[in-house]
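Per our numbering, the sequence shown starts with residue 94, numbered consecutively.
Glycine included, C-beta positions come from ideal geometry on N, C-alpha and C.
Just so we're clear, the structure is a prediction, and the values are computed from it rather than from any experiment.
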Amino acid sequence: SDPSTFYQVLGEEQQSEIELDLRGNQITLEAWVNYDSTNSANLGVLTKNGWADGFRLLFPEGAAPKRVQFQLPGDSDTLQSSGTISGDAWHHLVATYDGSTMTIYVDGNQSNTRGKATNIEYAGKEFWVGHGDHGIEKVWAYPWDGALDEVRISSVARDACWVGTEYKNQD
């Protein structure tokens, strides 16, 4: 009930004392996204220490339309959407991990899935919205180019029914 205990908006180089460290074997990342289709760079939706550990959701480098990428620690735990997402339009993205399976949903529908059998690790960095990695003012920070709305992180893996309902509740 006290937002200041959950998040802070700080200057770019001021470190927060609030951490969003979800550990264990379940997570759901959710956001409404609208990206600039002229940008062919990596575009980060959200990250908790990027590639090294933690988790992230991003659009990999390449021209539009782009794929969605969900990553848990290291390259071996990366999942990309089976289809692409157009730019300059709103899309609902959800990525889940339930302890054995990583899944990406786009606009209420399952896009891709793969097995994974390790826990989410501790990530000693801040949680960022609008970046895909933790490099302050660095090329690899993967800054977002577009609009983001209704970003949500849950410590449980939401199922396909929940994802579909969230998408249909967009109004």
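Residues bridged to residue i by DSSP?
{"i": "W125", "result": "H185, D242"}
{"i": "Q140", "result": "It should be noted that the sequence gives Thr, not Gln, for residue 140. Its beta-bridge partners are R149, W221."}
{"i": "G257", "result": "None; G257 has no bridge partner."}
{"i": "T177", "result": "According to DSSP, which records beta bridges pairwise, T177 is partnered with nothing at all."}
{"i": "S247", "result": "T121"}
Rounded to whole angstroms, how far is the Cβ of residue i from the Cβ of residue j, which I believe are closer than 8 Å?
{"i": "F152", "j": "Q164", "result": "Between Q164 and F152 the Cβ distance is about 12 Å, and since that is not below 8 Å, they are no contact."}
{"i": "S248", "j": "Q119", "result": "6 Å"}
{"i": "A216", "j": "D146", "result": "5 Å"}
{"i": "V199", "j": "I213", "result": "With a Cβ gap of about 22 Å, V199 and I213 do not count as contacting."}
Taking DSSP as the reference, what is the three-state secondary structure of residue i?
{"i": "T206", "result": "strand"}
{"i": "V161", "result": "coil"}
{"i": "G201", "result": "coil"}
Starting from the C-beta of residue i, find all residues in its chain whose C-beta is less than 6 Å away, skip the five residues before and the five after it, and write them out in chain order.
{"i": "S156", "result": "As written in the sequence, residue 156 is Ala, which differs from the Ser given in the question. These residues qualify, in order along the chain: S133."}
{"i": "W221", "result": "T140"}
{"i": "E123", "result": "V187, R245"}
{"i": "S41", "result": "In this structure the chain extends from 94 to 264, so residue 41 is not present and cannot be described."}
{"i": "Q207", "result": "First, the amino acid is wrong: residue 207 is Arg here, not Gln. Cβ neighbours of R207 beyond the five flanking positions: L172, M195."}
{"i": "D242", "result": "W125"}
Buried or exposed for residue i, going by 16 or more other Cβ atoms inside 10 Å?
{"i": "D226", "result": "buried"}
{"i": "S174", "result": "buried"}
{"i": "W183", "result": "exposed"}
{"i": "N202", "result": "exposed"}
{"i": "A210", "result": "exposed"}
{"i": "N142", "result": "buried"}
Near residue i, which residues of its chain fall below 7 Å by C-beta distance, leaving aside the five closest residues on each side in sequence?
{"i": "G192", "result": "N118, Q119"}
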